[in-house]
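All remarks here apply to the structure that follows.
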Amino acid sequence: MPALEEKKIVISLPRFDRSMFLNPRFALAMCSLFCLGGISYWYVAIHPYLKLDSAHVETFSLSIGSDITGRITETGPQDGDKVRKGDLLFAFDSDALSTKKKQLKSSIESAHQQLQAEKMRMEKAMEQYLAANGEVGLSILEEAQAKSESAASQLAALESEFLLLQSQEKKMVFAAPFDGIVLRKCKNAGAVLPFGEPVYVLADPNQIWIEAALPEKDLSRVSVGTPARVKIAAYPDQEWTGQVSWIGPATVAKAADLPFSGANVEIPIKITLEQGASSLKPGLSASVDLKVR
């Protein structure tokens, strides 16, 4: 067999030439590529979102006070403390009520004994009246019945007054209506509480949302259910997700009864977070990205 001739295959690679960077066509191509990438990033990652910077954390809060005036003798938790439902918040001076309650209890016992005695007298008068076939003892029976009815009425009045005192005594002690956090303690022991003034302000950590102001021009782009991304200034490395849960029926200026100027009109909205909201504190500043595309 004839010997196979060896053949060498040579592949020529283009030489790297710095001068190619100076070529206007190359520069134009690279510039176009970068622009295309930037536009793509903007369209996919930025364009779908409407950014709202003036947002903050809000929570359900309740002012705890009294519908009566009294002197506070005892208070419980301090600012920032956690409370459980039923924990004592504050109590009024109830010494006078306690004393009157003891007196009433003693009077009720005496009235009960008096009623039993009058019932026995009435039963005896009835026996005598029946034994005499109604010929004698009618006036005695009627008198016994009247005394028995009077004793029963007196006992009922005392028991009603006792129940009223018990109701008033319950109003002297105020407990936490839900598990929460003390936002503010307004009064201390020894203070006289006027009607309508709060002693505590409690927040419910299970009812937290983000409140933001939506520019009027963007109102048509947002609806209840619009997805949202939330950043909290105090936690720059974390991000929360949620959705718009409420859109205000009036502008911020109108809701606050401020003079309407027609400039920078904003609509209040609420964003409900999907997870991890209980650790957030009311008042923290936030920024919101609404996915409007």
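Going by the numbering used here, the letters in the sequence shown line up with residues 1487 to 1779, in that order.
Think of the CB as a built atom: it goes at the ideal place given N, C-alpha and C, for glycine as much as any other residue.
Note that this is a predicted model, so its numbers are computed, not measured.
K1571 is bridged by DSSP to nothing; it lacks a bridge partner. Under the three-state reduction of DSSP output, D1704 falls in the helix class. If you look at L1538, you'll find it isn't in any alpha helix (DSSP H); it sits in the beta strand (DSSP E) that goes 1535 to 1551. The region 1671 to 1727 is shown to contain whole beta strand (DSSP E) runs of 3 or more residues at 1684 to 1701, 1713 to 1718, in chain order.
The beta carbon of F1681 sits closer than 8 Å to the beta carbons of S1552, D1553, I1554, T1555 from its chain, once the five residues preceding and following it are set aside; these are given in chain order. 8 Å or more divides the Cβ of K1756 from the Cβ of I1694. Assignment of I1594 by DSSP, reduced to helix, strand and coil, places it in the helix class. Here the region 1699 to 1715 makes contact with the region 1534 to 1541; the two share three or more CB pairs at distances below 8 Å. For S1765, the three-state secondary structure derived from DSSP is coil.
A contact between stretches requires three or more CB pairs, one per stretch, nearer than 8 Å, and the region 1590 to 1597 fails this requirement with the region 1609 to 1621. The C-beta of A1675 has fewer than 16 other C-beta atoms within 10 Å across all chains shown, which makes the residue exposed. Secondary structure at A1611: helix, using DSSP grouped into helix, strand and coil. Each residue's CA atom was taken as its position, placing P1754 and L1548 some 21 Å apart. Within its own chain, the residues whose Cβ lies closer than 6 Å to the Cβ of D1775, once the five positions on either side in sequence are excluded, are Y1535, K1537, R1715, listed in chain order. Under a 10 Å Cβ-count criterion, P1735 is classified as exposed, with fewer than 16 other Cβ atoms of the shown protein chains found around its own Cβ. Counting C-beta atoms within 10 angstroms of its own C-beta, P1722 has fewer than 16 neighbours from the protein chains shown and is therefore classed as exposed.
At the C-beta level, L1688 and V1569 come within 8 Å of one another. It is roughly 52 Å from the alpha-carbon of S1709 to the alpha-carbon of D1579. Non-local beta-carbon contacts of F1546 in its own chain, meaning distances under 6 Å to residues more than five positions away in sequence, involve D1690, Q1693 in chain order. When the beta-carbon positions are compared, L1574 and V1659 come within less than 8 Å of each other. DSSP places I1755 within a strand segment (E or B) once states are collapsed to three.
Distances from the alpha-carbon of G1572 to those of G1566, K1673, G1562 put G1562 closest. Here the alpha carbons of E1655 and R1670 stand approximately 25 Å from one another. Around the beta-carbon of V1678, fewer than 16 other beta-carbon atoms lie within 10 Å, marking it exposed. Where I1626 is concerned, the enclosing alpha helix (DSSP H) starts and stops at 1624 to 1656. With 16 or more neighbouring CB atoms inside 10 Å of its own CB, S1634 falls in the buried class. Secondary-structure assignment with DSSP links S1771 through a beta bridge to H1542. Rounded to whole angstroms, E1560 and V1730 show a C-alpha spacing of 43 Å.
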